[in-house]
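Have a look at the structure below, then the notes.
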Amino acid sequence: MSQKILIVGAGLYGAVCARELHDAGHRVQVIEQRAQPGGNCATRFVPEADCHEHLHGAHIFHTDSERIWDYVNRFARFNSYVNRVKVRRGDALYSFPINLFTLHQVFGARTPAEARAAVARERVEIAAPANLEEHCLATVGPTLYQLFIEGYTTKQWRRHPRELPAEIIQRIPVRFDFNDNYFNDRFQGIPIGGYSAMFDRLLAGVSVEFGVDFLRDADHWLTRFDHVIYTGPIDAFFWHCHGPLEYRSLRFERELLPMADFQGNAVVNYADADVPYTRIIEHRHFDPPGAARSAAATHTLITREYPADHTPGSEPYYPVGTAANRARFDRYRRLADELGGQVHFGGRLAEYRYYDMHQVIGAALAHVRRHLGRERHGVVTEPGLA
Ligand code: UDP
601 MSQKILIVGA GLYGAVCARE LHDAGHRVQV IEQRAQPGGN CATRFVPEAD
651 CHEHLHGAHI FHTDSERIWD YVNRFARFNS YVNRVKVRRG DALYSFPINL
701 FTLHQVFGAR TPAEARAAVA RERVEIAAPA NLEEHCLATV GPTLYQLFIE
751 GYTTKQWRRH PRELPAEIIQ RIPVRFDFND NYFNDRFQGI PIGGYSAMFD
801 RLLAGVSVEF GVDFLRDADH WLTRFDHVIY TGPIDAFFWH CHGPLEYRSL
851 RFERELLPMA DFQGNAVVNY ADADVPYTRI IEHRHFDPPG AARSAAATHT
901 LITREYPADH TPGSEPYYPV GTAANRARFD RYRRLADELG GQVHFGGRLA
951 EYRYYDMHQV IGAALAHVRR HLGRERHGVV TEPGLA
């Protein structure tokens with residue numbers, strides 16, 4: 601039976617749910633606070649620089665799942681971009697993530713065996729690393745930790761790495777060969793034509809209203825639909841009754857420069873504690889090297905990314921996964937469970953998880969599968985839908 605389903609938020613989680621539930625024959629309505637879909641993936645074409653600007657920071661799609669890769673390729677063709685980051689520390693530039701070339705630059709290692717020996721000499725024995733700093737000291741030792749991690753992480757999270765969980769850094773590989781790909785996944789790229797075009801295809805045929813703030817009139821919306829998928833911050837849904845969850849925000853400073861190439865790479869990280877931004881991205885380099893450039897491209901576009909506290913009115917970008925925040929999130933999660941299956945909380949903000957894009961898609965597809973399974977068995981409002 602066709603249900604009336606409301607989806608709050610046209611980011612990746614909401615858009616994937618919308619596509620799938622619409623295709624399954626439900627009447628789907630999406631509402632979105634912003635003026636365009638795509639959440640923080642949104643892009644816009646900048647003719648002077650002949651590139652797509654990542655409006656909310658670099659988004660590089662990567663996944664090891666063939667199923668997820670096939671899924672996104674239904675909505676976009678992906679280019680062959682591979683993320684190879686450089687790190688600036690003082691006047692020096694390093695290859696990153698840590699690989700044999702980095703270990704050559706720092707320790708003079710020339711072979712995998714020399715690199716392993718250099719890192720083995722550095723490692724600090726810590727039986728059970730309890731935080732991000734201890735994890736780094738135990739895996740790569742103090743020299744690399746102080747060069748690449750301590751300053752950057754303290755800026756990014758405004759907390760010392762001793763006060764942060766190791767998971768934050770475990771996503772970044774350490775390698776003893778010359779592979780400098782930021783990700784280990786088999787599939788990687790950026791949609792040709794930008795993420796916003798991909799979202800237009802994801803949402804084709806679905807009713808989407810922009811500029812709508814769900815929380816201003818939550819009761820109105822909740823009574824009119826059989827099922828609601830909410831992708832905003834979970835603490836805001838419950839009026840912060842257990843106190844605000846902590847997020848980190850970002851401030852982007854964009855600059856159009858009258859030159860062809862500013863930094864020669866898409867991403868350069870700034871690891872010094874006293875440089876206020878964490879990275880500069882140069883958007884034209886998200887196109888593969890050698891891609892034809894339009895004669896109208898008189899400029900290059902760069903964005904400096906400044907970490908910022910999250911205050912009312914600023915965008916919540918990163919959940920801060922400390923034990924205290926996770927405990928507070930659990931209290932909200934219990935409130936969400938009490939609502940039963942009518943409202944489902946999904947995505948980075950509603951699940952308070954440091955999700956990558958491919959994980960968001962996987963979670964959204966899993967929710968839809970569960971929802972449709974329940975619907976086929978005639979029960980759609982059982983508790984614990986998440
Ligand atoms: N990080 C770091 N130095 C770097 C890059 C990353 O210390 O040059 C740490 C930092 O704590 C950061 C985390 O690794 O928050 C994850 O980095 P990633 O690039 O995956 O972050 P994202 O792209 O999600 O902002």
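Per this note's numbering, the sequence shown starts with residue 601, numbered consecutively.
For each residue, glycine too, the CB sits at the ideal point set by N, CA and C.
Item: Where P888 and D937 are concerned, what is the direct C-alpha to C-alpha distance, given to the nearest angstrom?; Value: 45 Å
Item: By a C-beta neighbour count over all protein chains shown, 10 Å radius and 16 as the cutoff for buried, is H760 buried or exposed?; Value: exposed
Item: Just to check my reading of the structure: F929 and Y830 have Cβ atoms closer than 8 Å, yes? What is that Cβ distance to the nearest angstrom?; Value: 15 Å between Cβ atoms; not a contact.
Item: Assign R619 to buried or exposed, taking buried as 16 or more other Cβ atoms, counted over all protein chains shown, within 10 Å of its Cβ.; Value: buried
Item: Which word fits M859, buried or exposed, when buried means at least 16 other C-beta atoms lie within 10 angstroms of its C-beta?; Value: exposed
Item: May I ask you to report which of helix, strand or coil DSSP gives Q819?; Value: In the sequence on display, residue 819 carries Asp and not Gln. In the structure shown, D819 sits in a helix (DSSP, three-state: H, G or I).
Item: Using three-state DSSP, classify G984 as helix, strand or coil.; Value: With a pLDDT of 35 at G984, under the threshold of 50, the predicted position of this residue should be treated as unreliable, and no value is reported.
Item: For ligand 1, which residues have a Cβ under 6 Å from at least one heavy atom, in chain order?; Value: V687, F696, F748, I749, Y752, T753, Q756, I768, I769, R771, I772, N869, A871
Item: In the DSSP assignment, the alpha helix (DSSP H) including P712 goes from what residue to what residue?; Value: 712-722
Item: Mapping the DSSP letters down to three states, classify R786 as helix, strand or coil.; Value: coil
Item: Going by the beta-carbon positions, is the gap between D777 and N683 smaller than 9 Å?; Value: no
Item: Following the continuous beta strand (DSSP E) through E632, name the residue where it begins and the one where it ends.; Value: 627-632
Item: Which residues does DSSP list as the beta-bridge partners of R688?; Value: L693, Y870
Item: Thinking C-beta only, is V706 closer than 9 Å to L747?; Value: yes
Item: Apart from the five residues on each side of it in sequence, which residues of its chain come closer than 7 Å, Cβ to Cβ, to A715?; Value: L700, L703, A709, F776
Item: Which residue from V828, F661, G913, Q770 puts its Cα closest to that of Q959?; Value: F661
Item: Can you list, in chain order, the residues of its chain whose CB lies under 7 Å from that of G794, leaving out five sequence neighbours each side?; Value: T643, F645, H652
Item: Closest to C841 by C-alpha separation, out of L935, R762, G890, would be which residue?; Value: L935
Item: Taking the runs of the beta strand (DSSP E) that are 3 residues or longer, which of them lie wholly in the region 615-683?; Value: 627-632, 643-646, 651-654, 661-663
Item: Tell me whether V806 sits in a helix, a strand or coil according to DSSP, three-state version.; Value: coil
Item: In or out: P791 buried (at least 16 other Cβ within 10 Å) or exposed?; Value: buried
Item: In chain order, which continuous runs of the beta strand (DSSP E) of length 3 or greater are located wholly inside the region 877-925?; Value: 879-882, 900-909
Item: Would you call the region 963-978 and the region 843-863 touching, i.e. three or more CB-CB distances under 8 Å?; Value: no
Item: Starting from V960, follow the alpha helix (DSSP H) in both directions and report where the run begins and ends.; Value: 957-976
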